[in-house]
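This is the structure we're talking about:
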C-alpha cells in the first residue's frame, strides 16, 4: 500500500465536523431525555425517599456528562475548535450560555439541591416516625419550615438553569443546521 493511500484511511480524523455533529447531538439528546423524560418518570414511579436517593446519584453524573459533551462539542467546532468559535460569536454565545448553566449546576446548584433534598427527606422520616406527625402539618418546627423552603428553591434554580441550557443548546442547533449544505 502506498503512503498516500494509508493517509487517506485516516482522513476522517482530520475533519472535526462529523465528531462535532455527534457530540452536539448527544448533548442535545441527553439534555432532553434527562429534563423531560427520566426525571418525570422517576418522580411518578418512585417513593420520595427512593426518588431522592436516585436523583442524588443521577444528577451529578448528568451534570458531569453535560459538561464533558459541551467541552467535546467546543473542541470539535469546525474547522479549528475553540479558535473558530472566537470568530463565530453567534455560535459562541449559545455555547457560552450552556457552559455557564452547566458549570453553575455542576458546582453550585446541583450539590446544593442534593444536600437540601437529603436533609429534607431525613427530616420527613424523623418527623413521621419519631413524632408521629405528617410532613404537611401546619405546626411543624421552624427548622422543618426552613428546610421545606430551601429544597424547592435550590431545586427550582437547578431546573431553570437546566432549561436555559436546553434552550441554548437548541438555539445553537438551529444555527448549526442553518449552515449544513446537502448538495
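In the UniProt record's numbering, the protein residues as written are 1 to 183. Idealized CB from N, CA, C, for every residue including glycine.
Check, Outcome
"From the DSSP output, in three-state form, read off residue 89 for me.", "helix"
"Between the Cα of residue 60 and those of 104, 50 and 72, spot the shortest distance and give me the residue it belongs to.", "104"
"Rank 18, 51, 20 and 168 by C-alpha distance to the C-alpha of residue 117 and give the top, closest one.", "51"
"Could you tell me which whole beta strand (DSSP E) segments of length 3 or greater appear in the stretch 29-113?", "none"
"Apart from the five residues on each side of it in sequence, which residues of its chain come closer than 8 Å, Cβ to Cβ, to residue 162?", "31, 34, 35, 101 and 105"
"In the structure shown, what three-state DSSP assignment does residue 15 receive?", "coil"
"Work out the CA separation of residue 145 and residue 20 for me, nearest whole Å.", "47 Å"
"Take the Cβ of residue 120 as the centre, count every other Cβ of all protein chains shown within 10 Å, and call the residue buried at 16 or more, exposed below.", "buried"
"Three-state secondary structure (DSSP) at residue 123?", "helix"
"Helix, strand or coil, according to DSSP, for residue 177 in the structure here?", "helix"
"Between residue 85 and residue 26, is the Cβ-Cβ spacing less than 8 Å?", "no"
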